[in-house]
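Heads up, the thing below is written out as structure tokens.
Numbering (the working numbering), first residue to last: 401 to 468.
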């Protein structure tokens, strides 16, 4: 187990990291189907991998890390 139980919707618990990365972004706990639709429309984000590798999100993380 990856210790992600509280971070994923129930149906995605127990999957490998690779399977989760390729799952729809709505697999993340708290991300609704509507949220997923908006992410796709705004940033072409369809999967957890897309979200985690999106350049704008990475840039924001880097800026925050430098600020801290």
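Idealized CB from N, CA, C, for every residue including glycine.
Apart from the five residues just before and just after residue i, which ones in its own chain have a Cβ nearer than 6 Å to its Cβ?
i: residue 434; result: none
i: residue 411; result: none
Terminal residues of the continuous alpha helix (DSSP H) containing residue i?
i: residue 453; result: 448 to 453
i: residue 408; result: It is not in any alpha helix (DSSP H) - residue 408 carries neither H nor E in the DSSP assignment.
If you check the beta carbons only, do residue i and residue j fall under 8 Å apart?
i: residue 439; j: residue 428; result: no
Within a Cβ cutoff of 8 Å, which residues of the same chain sit near residue i, ignoring the five residues on either side of it in sequence?
i: residue 447; result: 421, 422, 423, 424, 425
Considering only DSSP beta bridges, list what residue i is partnered with.
i: residue 466; result: Bridge partners of residue 466: none, in fact.
i: residue 428; result: 408
Identify, in the order they occur along the chain, each residue of the same chain with its Cβ nearer than 7 Å to the Cβ of residue i, setting aside the five sequence neighbours on each side.
i: residue 436; result: 424, 425, 426
Is residue i close to chain B, meaning its C-beta is less than 8 Å from at least one C-beta of that chain?
i: residue 466; result: No chain B appears in this structure, which consists of one protein chain only.
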